[in-house]
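Chains as they are written, first to last, in the working numbering: chain A, 43 to 316; chain B, 43 to 316. What follows is a set of notes on a single structure, which appears directly below.
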């Protein structure tokens with residue numbers, strides 16, 4: 043069982059910001075990453091569609107033999123965590139509760155900002171998760187729908203990133219938050235410009251690190267940590283691998299070597315092939 | 043046969059810019075529009091995936107009983123027109139050849155600019171189509187990947203639209219074009235800002251009007267034009283209908299009344315239900 047992999051999925055390449063942290067904390071683990079690049083993005087799709095896609099991704103990873111599933115996507119975590127925890131025979135970790143925990147630990151003024159996709163923000167999942175930890179905390183949230191395409195297009199150092207950061211974050215800045223949760227796994231790529239826009243008084247939190255800690259803790263408790271050998275990362279994507287490889291490599295800081303993509307036209311075949 | 047509908051498909055809401063022109067020119071026709079909102083956008087997906095999605099959309103429309111199919115999406119037209127013309131038992135019209143025809147008719151300096159999604163521009167479909175009409179014309183093209191999310195987010199009057207238009211169109215402006223083809227059915231929504239950015243010397247062409255003319259001509263030739271009654275438009279989308287309805291209504295300039303969306307979670311069921 044210790045030799046089994048950790049499975050992770052995201053709509054596309056953003057979840058690699060989470061994978062990076064898991065890899066740091068659990069260097070001996072094999073990781074199988076599933077990126078649904080044929081249907082990316084999820085952030086403006088309906089809860090029902092996001093749930094359906096999450097079930098399909100989880101099912102695919104399950105057929106690979108995994109000991110733990112990480113939902114490395116905030117939108118999917120917001121809607122599918124409950125059903126996946128109920129239906130899967132292994133532990134399932136989302137990114138919203140770890141991100142909330144970290145935010146709550148850092149706020150002094152009890153005002154937390156949350157940014158995410160349209161669907162994630164609408165779900166109020168962070169509001170609920172944060173208030174469960176501390177009902178006195180005020181949550182200010184803002185959907186930033188253009189951030190994902192900006193990251194996917196590699197425009198994080200472009201003027202457009204700064205312009206949109208100013209637009210999206212203006213209200214949050216005014217509200218007096220001292221912690222901002224990046225509630226989308228794409229956003230850490232924009233950390234620099236977000237930090238600059240908000241100024242020094244606001245701490246930026248993303249769920250990657252806390253999610254990795256939660257994964258480590260669960261595996262530790264069940265004595266499932268792989269303690270030997272060098273872990274390898276394997277990637278499956280539902281569309282052609284080129285741009286995923288390029289962008290993913292940039293996020294991870296090293297090339298993605300094992301990226302596999304559909305050998306045929308039918309999504310179902312990808313889903314159930316070995 | 044005259045009573046049968048015209049079928050149209052697009053990745054999402056953009057094709058409504060084409061539907062609008064068809065409706066103007068052929069007011070008695072029933073139109074069935076299919077928007078693949080569960081998998082939008084197409085513009086940065088692979089040719090193979092775009093082709094697969096086009097086949098599925100066409101198949102769905104075929105089951106509705108249509109006399110003509112319009113591919114109201116440039117990315118799909120670039121890759122799937124040939125195979126659909128071969129496989130479908132009815133005439134199939136794309137948007138690239140009509141757009142090219144209009145551009146060629148308007149250029150005096152024989153320099154045409156083309157803007158589109160990453161995948162459309164990479165396909166060189168406009169270059170080929172324009173040069174087939176006049177090999178002496180120079181084509182300058184530029185992918186504008188952020189334009190679709192800007193339109194989908196309703197940001198066409200925002201500063202970000204102007205900023206990106208300036209960035210994307212700078213080179214085209216310098217190249218001395220006198221005609222610009224909007225090679226994506228979303229872009230007409232940005233016509234105002236594109237026009238302002240390029241200045242008076244450049245005529246903006248989009249394929250909607252010419253595509254409608256081509257549809258009219260084909261139906262006329264086959265005596266398939268519906269000459270009586272008020273045509274109705276019916277819409278099918280693969281994800282929840284709310285934002286499609288809102289945006290689509292804005293583009294069309296009147297509310298979309300008949301929008302149907304999946305009653306269940308399986309895409310295949312939508313595809314083959316009556």
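Glycine included, each C-beta is placed from N, C-alpha and C at the ideal position.
Quick check on this structure: which residue in A:201, A:223, A:219 has the alpha carbon closest to the alpha carbon of residue 141 of chain A?
By one-based count along the first chain, residue 141 of chain A stands at place 99. The shortest C-alpha separation from residue 141 of chain A is found at A:223.
Name the chain E residues that come within less than 9 Å of residue 265 of chain B, Cβ to Cβ?
Considering every chain present, this structure includes no chain E. Its protein chains are A and B.
To test your reading of the DSSP string, which unbroken beta strand (DSSP E) runs of 3 or more residues are found completely within the segment 209-256 of chain A?
221-224, 245-248, all fully within the segment 209-256 of chain A.
Please classify residue 137 of chain B: is it buried, with 16 or more other beta-carbons within 10 angstroms of its beta-carbon, or exposed?
As a first step, residue 137 of chain B must be located in the second chain, where it is residue number 95. That one is buried.
Use the C-beta contact count for residue 145 of chain B: other C-beta atoms within 10 angstroms, 16 or more gives buried, fewer gives exposed.
In the second chain, counting from the first residue as 1, residue 145 of chain B sits at position 103. Classification for residue 145 of chain B: buried.
Roughly how many angstroms lie between the CA atoms of residue 235 of chain A and residue 293 of chain A, to the nearest whole one?
If you number the first chain from 1, residue 235 of chain A lands on position 193. If you number the first chain from 1, residue 293 of chain A lands on position 251. Roughly 16 Å separates the two Cα atoms.
Hey, would you say residue 184 of chain B sits closer than 8 Å to residue 157 of chain B, going by beta carbons?
Residue 184 of chain B sits at position 142 when you count from the first residue of the second chain. Residue 157 of chain B sits at position 115 when you count from the first residue of the second chain. A contact, by the Cβ cut-off of 8 Å.
Would residue 205 of chain B and residue 71 of chain A qualify as a contact pair, given that the criterion is a beta-carbon distance under 8 Å?
Indexing the second chain from 1 puts residue 205 of chain B at position 163. Indexing the first chain from 1 puts residue 71 of chain A at position 29. No; because the gap between Cβ atoms is not below 8 Å, this pair is not in contact.
One question on the structure: do residue 77 of chain B and residue 279 of chain B come within less than 8 Å of each other, judged by their Cβ atoms?
Within the second chain, residue 77 of chain B is the residue found at index 35, counting from 1. Within the second chain, residue 279 of chain B is the residue found at index 237, counting from 1. Contact flag set, yes.
In terms of alpha-carbon separation, which member of B:48, B:55, B:45, B:126 lies closest to residue 229 of chain B?
Position 187 of the second chain, counted from the start, is the residue given in the question as residue 229 of chain B. Considering only alpha carbons, the answer is B:55.
Taking Cβ-Cβ distances below 7 Å as the criterion, which residues of the segment 293-305 of chain B are in contact with chain A?
Of all residues in the segment 293-305 of chain B, none has a Cβ within less than 7 Å of some Cβ in chain A.
Let me check understanding here. Comparing Cα to Cα, which of A:65, A:84, A:159, A:176 lies closest to residue 47 of chain A?
Working through the first chain from its first residue, we reach residue 47 of chain A at position 5. Out of A:65, A:84, A:159, A:176, A:65 has the C-alpha closest to the C-alpha of residue 47 of chain A.
Can you have a look at residue 299 of chain A and say buried or exposed, based on whether 16 or more other CB atoms are within 10 angstroms of its CB?
Residue 299 of chain A sits at position 257 when you count from the first residue of the first chain. Label assigned to residue 299 of chain A: exposed.
In the DSSP output, what is residue 110 of chain A paired with across the bridge?
Counting from 1 along the first chain, the entry for residue 110 of chain A is found at position 68. A:48.
In terms of alpha-carbon separation, which member of B:68, B:266, B:62, B:86 lies closest to residue 192 of chain A?
In the first chain, counting from the first residue as 1, residue 192 of chain A sits at position 150. Here the closest residue by C-alpha is B:86.
Regarding residue 134 of chain B and the ligand GTP, is the C-beta to nearest heavy atom distance less than 7 Å?
The ligand content of the structure shown is nil, which means the ligand GTP is not present either.
Count the other C-beta atoms from every protein chain shown that fall within 10 angstroms of the C-beta of residue 105 of chain A, then say buried if there are 16 or more, exposed otherwise.
Taking the first chain and counting its residues from 1, the one referred to as residue 105 of chain A is at position 63. Counting Cβ neighbours within 10 Å, residue 105 of chain A comes out exposed, since fewer than 16 surround it.
Check whether chain B comes within 8 Å of residue 56 of chain A, counting only Cβ atoms and requiring the distance to be less than that.
Numbered from 1 along the first chain, position 14 holds the residue referred to as residue 56 of chain A. By this cut-off, residue 56 of chain A is not an interface position.
Taking a Cβ distance cut-off of 9 Å, strictly less, list which residues of the segment 181-212 of chain B are near chain A, in chain order.
Per Cβ criterion, the list reads 187, 188, 190, 191, 192, 194, 195, 197, 200, 201, 202, 205, 206, 209.
So what's residue 95 of chain B in DSSP terms, helix, strand or just coil?
To locate residue 95 of chain B, count along the second chain from 1; it is residue 53. Helix, per DSSP.
Please name the residue, chosen from B:88, B:215, B:268, that lies closest to residue 242 of chain B on a Cα-to-Cα basis.
Stepping through the second chain from its first residue, residue 242 of chain B is reached at position 200. Cα-wise, what sits closest to residue 242 of chain B is B:215.
Which residues in the same chain as residue 49 of chain B place their Cβ atom closer than 6 Å to its Cβ, once the five residues preceding and following it in sequence are excluded?
By one-based count along the second chain, residue 49 of chain B stands at place 7. Here the set comprises 74, 103, 108, 111.
Compare the C-beta of residue 270 of chain B with all C-beta atoms of chain A and state if any pair is closer than 8 Å.
Taking the first residue of the second chain as position 1, residue 270 of chain B is located at position 228. Judged by the 8 Å Cβ criterion, residue 270 of chain B is not in contact with chain A.
Among residues of its own chain, excluding the 5 on either side of residue 187 of chain A, which ones have a beta-carbon nearer than 7 Å to its beta-carbon?
The residue you call residue 187 of chain A lines up with position 145 of the first chain. 85, 86, 159, 160.
Leaving out five residues on either side along the sequence, give the residues of the same chain with a beta carbon under 6 Å from the beta carbon of residue 167 of chain B.
As a first step, residue 167 of chain B must be located in the second chain, where it is residue number 125. Counting only Cβ-Cβ distances below 6 Å, and skipping sequence neighbours, we find 120, 138.
Please name the residue or residues paired with residue 183 of chain B in a DSSP beta bridge.
For the purposes of this step, residue 183 of chain B is taken as the residue at position 141 of the second chain. Residue 183 of chain B pairs with B:156.
Could you tell me the alpha carbon to alpha carbon distance between residue 268 of chain B and residue 91 of chain B, rounded to whole angstroms?
On the second chain, residue 268 of chain B is found 226 positions in, with the first residue counted as 1. On the second chain, residue 91 of chain B is found 49 positions in, with the first residue counted as 1. Those two C-alpha atoms are separated by around 35 Å.
Give the residues of chain B in contact with residue 281 of chain A, contact being defined as C-beta atoms less than 7 Å apart.
For the purposes of this step, residue 281 of chain A is taken as residue 239 along the first chain, with counting starting at 1. Result: 87, 88, 91.
How would you list, in chain order, the residues of chain A whose beta-carbon sits under 9 Å from the beta-carbon of residue 80 of chain B?
Within the second chain, numbered from 1, the residue matching residue 80 of chain B stands at position 38. In chain order: 81, 87, 88, 91, 94, 95.
Using DSSP with H/G/I as helix, E/B as strand and the rest coil, what is residue 300 of chain A?
For the purposes of this step, residue 300 of chain A is identified with residue 258 of the first chain, where counting begins at 1. Here residue 300 of chain A sits in strand by DSSP.
DSSP has residue 74 of chain B in a bridge; who is on the other side?
As a position in the second chain, residue 74 of chain B is number 32, starting the count at 1. Paired residue(s): B:49, B:276.
Is residue 58 of chain A near residue 290 of chain A, with beta carbons less than 8 Å apart?
Locating residue 58 of chain A in the first chain gives position 16, counting from the first residue. Locating residue 290 of chain A in the first chain gives position 248, counting from the first residue. Yes.
According to DSSP, is residue 60 of chain A helix, strand or coil?
The sequence position of residue 60 of chain A within the first chain is 18, counting from 1. Looking at residue 60 of chain A - three-state DSSP - the assignment turns out to be helix.
Going by C-alpha distance, which of A:151, A:198, A:287 is nearest residue 182 of chain A?
Position 140 of the first chain, counted from the first residue, corresponds to residue 182 of chain A. Checked all of A:151, A:198, A:287; the closest Cα to residue 182 of chain A is A:151.
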